[in-house]
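Residue numbers (our numbering): 13 to 519.
Glycine is no exception: its CB is placed at the ideal position from the N, C-alpha and C atoms.
Predicted, not measured: the structure shown is a model, and the values here were computed from it.
Comments concern the structure below.
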């Protein structure tokens with residue numbers, strides 16, 4: 013990938029020094045002209061007359077109105093050429109006409125800050141040729157239908173606040189035994205041009221394209237996104253339009269770290285805006301439990317449950333939000349794979365993984381890949397994430413737990429613990445529960461399994477919904493009822509390859 017521009021003693025073709033607009037302005041545009049014969053342009057940017065902690069975000073839009081990259085708060089200059097670009101930016105033809113620097117008011121505490129922009133227009137490029145800009149070709153690494161382990165929230169150097177290249181990301185992820193990672197750089201698709209060549213060097217790990225759709229009122233994962241999605245909410249798009257654009261690519265929209273309220277330390281990290289229609293997933297764990305999940309995990313799961321109460325079928329997912337490929341992490345930073353999201357997919361392809369999320373075939377291991385596993389099945393078999401039966405019929409829920417001896421398992425109905433919590437004293441352990449279908453005039457009911465370390469969730473499954481097919485009912489009651497204390501009890505079937513093992517019941 014291209015490096016930074018070669019230092020040159022040159023004078024800017026244009027200097028702009030102007031006040032940052034105040035009021036309700038979130039984004040503003042600064043125009044500049046590009047003439048014939050320009051092979052590379054560079055924009056150097058800074059905040060002046062501001063406080064040390066003031067942050068402006070920067071990106072580029074070309075004369076045709078096309079997106080040409082986003083550096084966010086990265087202080088490095090933005091350089092774009094025909095055959096190469098600085099990280100986060102898009103190489104390609106440089107059309108003549110009026111271009112714009114896109115500026116976002118990320119964090120401003122000073123009263124009268126100014127933005128300083130210096131423009132350099134060159135006939136000879138300074139960046140080394142970066143090769144052809146390729147799109148991602150569909151890749152099948154395995155045709156086996158099974159559970160695949162991965163991380164849905166990983167950054168590469170094309171995020172302005174990250175440093176690792178794709179090879180570093182892939183090497184670390186594969187070293188942890190993962191099968192896939194989703195590359196979710198902030199508001200850019202610059203990394204997409206390099207995924208295929210990196211994929212060829214790492215045939216054991218699927219590199220899934222994506223984006224972290226980053227606004228000042230919440231972040232979201234776009235799983236499978238390859239084309240830029242306009243993130244300038246309030247200037248040129250709306251949140252719902254962005255969600256629709258993600259879905260138009262066959263990709264999924266997932267709310268990231270919804271309750272991660274760190275103030276100015278993490279700009280816009282908590283979700284404080286309206287929740288759009290058709291949310292596909294919620295990041296119920298951001299970072300491993302030991303590193304940070306113990307702080308925000310319970311509230312993130314509550315956020316998810318409230319969304320489901322309102323009728324959503326959003327799947328649970330987790331992501332490390334790793335920016336350093338597992339190296340030199342800070343105190344609360346998590347390496348790739350902490351947590352781990354398991355997805356049951358028909359094969360090891362991006363399309364199959366996305367379908368697994370759509371059907372709630374996910375399990376989040378809240379610490380990492382070595383956590384126990386639970387596989388929730390039903391009889392009759394589920395259709396995607398829902399079991400439909402006749403009025404008066406029942407559904408058998410069957411959870412197979414592996415690697416969980418010493419932990420406990422519980423079943424949750426509509427977000428509430430339902431029935432006895434079971435000690436896991438065998439490996440594997442099968443928990444079977446027969447539940448009555450909802451009444452014909454009742455809403456669907458949702459069921460999940462959690463594995464507990466003491467009273468703390470360690471593993472969270474996706475949901476299966478039960479529905480009575482003869483009724484035309486709403487998808488949710490919109491509120492959470494009390495647990496059904498009359499429900500059938502839980503039967504534990506110990507299935508062992510060898511002799512049965514039990515642990516002392518001292519708690």
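From this set, 230, 237, 289, 46, which residue's C-alpha is nearest residue 220's C-alpha? The residue given as residue 220 occupies position 208 in the chain shown. Ranking the options by Cα distance to residue 220, first place goes to 237.
Would you call the CB atoms of residue 295 and residue 331 closer than 7 angstroms? One-based indexing of the chain shown puts residue 295 at position 283. One-based indexing of the chain shown puts residue 331 at position 319. In this structure, residue 331 lies closer than 7 angstroms to residue 295 by Cβ.
Helix, strand or coil, according to DSSP, for residue 189 in the structure here? The count along the chain shown starts at 1 and reaches residue 189 at position 177. Coil, per DSSP.
So, using beta-carbon positions, are residue 107 and residue 54 closer together than 7 angstroms? Here residue 107 refers to the residue found at position 95 when the chain shown is read from its first residue. Here residue 54 refers to the residue found at position 42 when the chain shown is read from its first residue. No; because the gap between Cβ atoms is not below 7 angstroms, this pair is not in contact.
Cross-strand partners of residue 428 (DSSP beta bridge): Numbered from 1 along the chain shown, position 416 holds the residue referred to as residue 428. Beta-bridge pairing links residue 428 to 425.
Give the range of the beta strand (DSSP E) segment to which residue 370 is assigned. One-based indexing of the chain shown puts residue 370 at position 358. No beta strand (DSSP E) contains residue 370, which is instead part of the alpha helix (DSSP H) from 362 to 370.
Any Cβ of chain D within less than 7 angstroms of the Cβ of residue 438? Note that chain D does not occur in the displayed structure, where there is just one protein chain.
Whole runs of the beta strand (DSSP E) within the stretch 262 to 300, excluding any shorter than 3 residues: 264 to 267, 293 to 298
Buried versus exposed, by CB contacts within 10 Å (16 or more), residue 440: Walking along the chain shown from the start, residue 440 turns up at place 428. Buried, by the Cβ-count rule.
Going by C-alpha to C-alpha distance, which of 317, 276, 162, 334 sits closest to residue 169? As a working note, residue 169 is residue 157 in the chain shown. That would be 334, whose Cα lies nearest to the Cα of residue 169.
Could you round the C-beta distance between residue 298 and residue 306 to whole angstroms and report it? I think they count as a contact, below 8 angstroms. Here residue 298 refers to the residue found at position 286 when the chain shown is read from its first residue. Here residue 306 refers to the residue found at position 294 when the chain shown is read from its first residue. Contact flag wrong, Cβ pair sits at about 12 angstroms.
Taking 7 angstroms as the cut-off, decide whether the C-beta atoms of residue 231 and residue 268 are in contact. Translated into positions along the chain shown, residue 231 becomes position 219. Translated into positions along the chain shown, residue 268 becomes position 256. Yes. Within cutoff.
State the beta-bridge partners of residue 445 as determined by DSSP. Looking up residue 445 in the chain shown gives position 433. The beta-bridge partner set that DSSP reports for residue 445 consists of 409.
Would you please state the rounded distance, in angstroms, between the beta carbons of residue 84 and residue 172? I believe it to be under 8 angstroms. Here residue 84 corresponds to residue number 72 of the chain shown, with the count starting at 1. Here residue 172 corresponds to residue number 160 of the chain shown, with the count starting at 1. The pair is a contact, with the Cβ atoms about 4 angstroms apart (cut-off 8 angstroms).
What would DSSP say about residue 234, mapped onto helix, strand or coil? Stepping through the chain shown from its first residue, residue 234 is reached at position 222. Residue 234: strand per DSSP, three-state reduction.
So, helix, strand or coil for residue 169, using DSSP? Walking along the chain shown from the start, residue 169 turns up at place 157. Assigned with DSSP and collapsed to three states, residue 169 falls in coil, not helix or strand.
Once DSSP output is grouped into helix, strand and coil, what is the label at residue 175? As a working mapping, residue 175 is identified with position 163 in the chain shown. Here residue 175 sits in coil by DSSP.
Quick check on DSSP: helix, strand or coil for residue 31? Indexing the chain shown from 1 puts residue 31 at position 19. It is a strand residue.
I'd like the ranges of any beta strand (DSSP E) spanning at least 3 consecutive residues and lying wholly in the stretch 99 to 177. 109 to 119, 126 to 134, 158 to 166
Got a sec, what are the start and stop residues for the beta strand (DSSP E) residue 388 sits in? Position 376 of the chain shown, counted from the first residue, corresponds to residue 388. From DSSP, the beta strand (DSSP E) with residue 388 extends over 385 to 391.
Quick check: what's the CA-CA separation for residue 348 versus residue 264? Translated into positions along the chain shown, residue 348 becomes position 336. Translated into positions along the chain shown, residue 264 becomes position 252. Computed Cα separation, rounded: 21 angstroms.
Where does residue 479 land, buried or exposed, given buried means 16+ other C-beta within 10 angstroms? Along the chain shown, read from residue 1 onward, the residue named residue 479 stands at position 467. Result: buried.
Alpha carbon of residue 472 to alpha carbon of residue 228, nearest angstrom: Taking the first residue of the chain shown as position 1, residue 472 is located at position 460. Taking the first residue of the chain shown as position 1, residue 228 is located at position 216. Their Cα atoms are separated by approximately 29 angstroms.
Helix or strand or just coil, what does DSSP make of residue 73? For the purposes of this step, residue 73 is taken as the residue at position 61 of the chain shown. In the structure shown, residue 73 sits in a strand (DSSP, three-state: E or B).
Does the stretch 127 to 144 come within contact of the stretch 93 to 100, defined as at least 3 CB pairs closer than 8 angstroms? yes
Can you tell me whether residue 187 is buried or exposed? The criterion is at least 16 other CB atoms within 10 Å of its CB, across all chains shown. What you label residue 187 is simply residue 175 of the chain shown in a count that begins at 1. Label assigned to residue 187: exposed.
DSSP-derived helix/strand/coil call for residue 57: For the purposes of this step, residue 57 is taken as residue 45 along the chain shown, with counting starting at 1. Reduced to three states, the DSSP call for residue 57 is strand.
Could you check the C-alpha separation between residue 132 and residue 202 for me, to the nearest Å? Residue numbering aside, residue 132 sits at position 120 when the chain shown is read from its first letter. Residue numbering aside, residue 202 sits at position 190 when the chain shown is read from its first letter. In a straight line, the C-alpha of residue 132 is about 22 angstroms away from that of residue 202.
For residue 120, which residues from the same chain have a beta carbon less than 6 angstroms from its beta carbon, with the 5 sequence-adjacent residues on both sides left out? The residue labelled residue 120 in the question sits at position 108 within the chain shown. The residues are 66.
Between which residues of its own chain and residue 180 is the CB-CB distance below 6 angstroms, once the five residues before and five after are set aside? Counting from one through the chain shown, the residue named residue 180 turns up at place 168. If we look at residue 180 and ignore the five residues flanking it on each side, its Cβ neighbours are 337.
If you reduce the DSSP assignment to three classes, tell me which class residue 315 lands in. Taking the first residue of the chain shown as position 1, residue 315 is located at position 303. Looking at residue 315 - three-state DSSP - the assignment turns out to be helix.
Do residue 127 and residue 27 count as a contact pair if the criterion is CB distance below 7 angstroms? Looking up residue 27 in the chain shown gives position 15. Looking up residue 127 in the chain shown gives position 115. For residue 27 and residue 127, no; Cβs fall outside 7 angstroms.
Nearest-angstrom Cα separation, counted from residue 176 out to residue 345: Within the chain shown, residue 345 is the residue found at index 333, counting from 1. Within the chain shown, residue 176 is the residue found at index 164, counting from 1. If you take the alpha carbons of residue 345 and residue 176, they lie about 15 angstroms apart.
Any idea which residues DSSP pairs residue 43 with across the strands? Working through the chain shown from its first residue, we reach residue 43 at position 31. Residue 43 pairs with 112.
Verify whether the separation of the beta carbon atoms of residue 43 and residue 112 is less than 7 angstroms. Along the chain shown, read from residue 1 onward, the residue named residue 43 stands at position 31. Along the chain shown, read from residue 1 onward, the residue named residue 112 stands at position 100. At the C-beta level, residue 43 and residue 112 come within 7 angstroms of one another.
To the nearest angstrom, report how far apart residue 70 and residue 115 are at their CA atoms. Translated into positions along the chain shown, residue 70 becomes position 58. Translated into positions along the chain shown, residue 115 becomes position 103. Going from the Cα of residue 70 to the Cα of residue 115 covers about 5 angstroms.
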